[in-house]
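Chains as they are written, first to last, in the working numbering: chain A, 985 to 1142; chain B, 69 to 354. The beta carbon of each residue, even a glycine, is placed where N, CA and C say it ideally should be. Working notes, structure below.
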């Protein structure tokens, strides 16, 4: 269940964030399903990529998502200690943290990448996570990778 | 009869069967000789299910129950061939000295001595108390996460005989599921190592939550040197943790190939996703 997001009235801009979300087929997928069953509304800015477990979250996937034009990326995993593959979500979280450092090193705000832990029944949390990310990215604006005019080399010249 | 006796330092857990056994013995003694005085020192009487009736029956026959606490455990002192038990009753808050002909201890049931080494050998998980741990408390109480290994009875935790029998029947049923088939079909989502890229660094061996990958010398790695990792497809659970952790990117998870995941990010499913598992194992690459 999703709707076309309303334009941002506060900033009077028409920026629509493009967000990539990775979720695992257990809790993440179930939570998305529950959100649908509950007919919860969440923004359509999010593109979902299904993984067998968030332990499969490769740093490359996250970075490539940014490279290919995502303004934000987030990962939805089972609650810590409840991973169906014992510790996949913890390993995924460690990689998200590391990817965050990499992003910050190249001048992309770390906030653009986040991870959410929820169980399959938490449909509302799933919708809220999507809403939170969209709100956050809307506040941060488009990805720095999409704005060559404001990139670091220019500042060096100035 | 003293309940909840365990060696110093042993983990504290309920052994489930001892209260019922103590009550059964107490009732038996009273049946044989109603004059016999039976005193049960306990922390908490736990008579599972309808066994609660034994407690009522024991009380009706005049068995005395005295509750002690963890802080003031009973002390047994020998005295001229007899035994004296010093105990403080919780409800009366008074010390008692009981002279006993027999002191019966309900010792905690410990896991079998070889449990830990067997668990290491088969790479099976143990509970904090040292018993084998099932895959899921309610959904799969007779299974391990490792395929093809099952458990039942006291290896799991202390159980009554009828519980052990039901558990054993369940485990046998599960084993028959495997044995009754000519061929086994395993899930298509398994990790596959490309030996030509594998340097045998052991990362996957250490990463796998189920301990499936092994380094095999009969599978030469990069440049035909050393061994490369091998992941047994019938054991692989398909979580993909090794694929993401592999520094050489030598492992791919079928149905979740890199090209299948990265392309959708771009919004283009066409490229690479047509490869089937068979084509991939035959060496086809996008």
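**Request:** Using a Cβ-Cβ cut-off of less than 7 Å, give me the residues of the stretch 248-280 of chain B that come near chain A, in sequence order.
**Result:** 257, 277
**Item:** Expected contact under 8 Å - CB spacing of residue 307 of chain B and residue 280 of chain B to nearest Å
**Value:** That belief does not hold up - the Cβ atoms of residue 307 of chain B and residue 280 of chain B are roughly 10 Å apart, past 8 Å.
**CB contact check: residue 1040 of chain A to chain B, cutoff 9 Å** = yes
**Message:** Could you tell me which whole alpha helix (DSSP H) segments of length 4 or greater appear in the stretch 213-259 of chain B?
**Reply:** 229-247
**Prompt:** In terms of alpha-carbon separation, which member of A:1127, A:1004, A:1023, A:1057 lies closest to residue 1081 of chain A?
**Reply:** A:1057
**Request:** Out of A:1023, A:1125, A:1086, A:1036, point me to the one whose CA is closest to residue 1062 of chain A's CA.
**Result:** A:1036
**Request:** Can you grab the Cα-Cα spacing for the pair residue 72 of chain B / residue 105 of chain B, in whole Å?
**Result:** 20 Å
**Request:** Output yes if chain A places a C-beta closer than 9 Å to the C-beta of residue 97 of chain B; else output no.
**Result:** no
**Request:** Run down chain B in chain order and give the residues with a C-beta less than 8 Å from the C-beta of residue 1035 of chain A.
**Result:** 308, 324, 329
**Asked** Thinking just about the alpha-carbon of each residue, which of B:243, B:232, B:185, B:235 is nearest to the one in residue 216 of chain B?
**Response** B:243
**Asked** DSSP beta-bridge partners for residue 1067 of chain A?
**Response** A:1070
**Beta-carbon proximity list for residue 333 of chain B, same chain, < 7 Å, skipping 5 on both sides** = In this prediction, residue 333 of chain B scores a pLDDT of 46, lower than 50, which makes its location untrustworthy; the coordinate-derived value is nonetheless stated afterwards. Taken in chain order, the list of residues that qualify is empty.
**Prompt:** So, are the CB atoms of residue 1041 of chain A and residue 1059 of chain A less than 9 Å apart?
**Reply:** yes
**Message:** Taking beta-carbon pairs under 9 Å, can you tell me which members of the stretch 1074-1094 of chain A lie near chain B?
**Reply:** 1075, 1076, 1079
**Message:** The alpha helix (DSSP H) that contains residue 126 of chain B, what's its start and end?
**Reply:** 120-128
**Request:** Take residue 82 of chain B and list the residues in its own chain whose beta-carbon comes closer than 7 Å to its own, dropping the five residues that flank it on each side.
**Result:** 114
**Prompt:** Below 9 Å between beta carbons: does that hold for residue 1106 of chain A and residue 1015 of chain A?
**Reply:** yes
**Prompt:** List, in order along the chain, the chain A residues whose C-beta lies closer than 8 Å to that of residue 311 of chain B?
**Reply:** 1040, 1042
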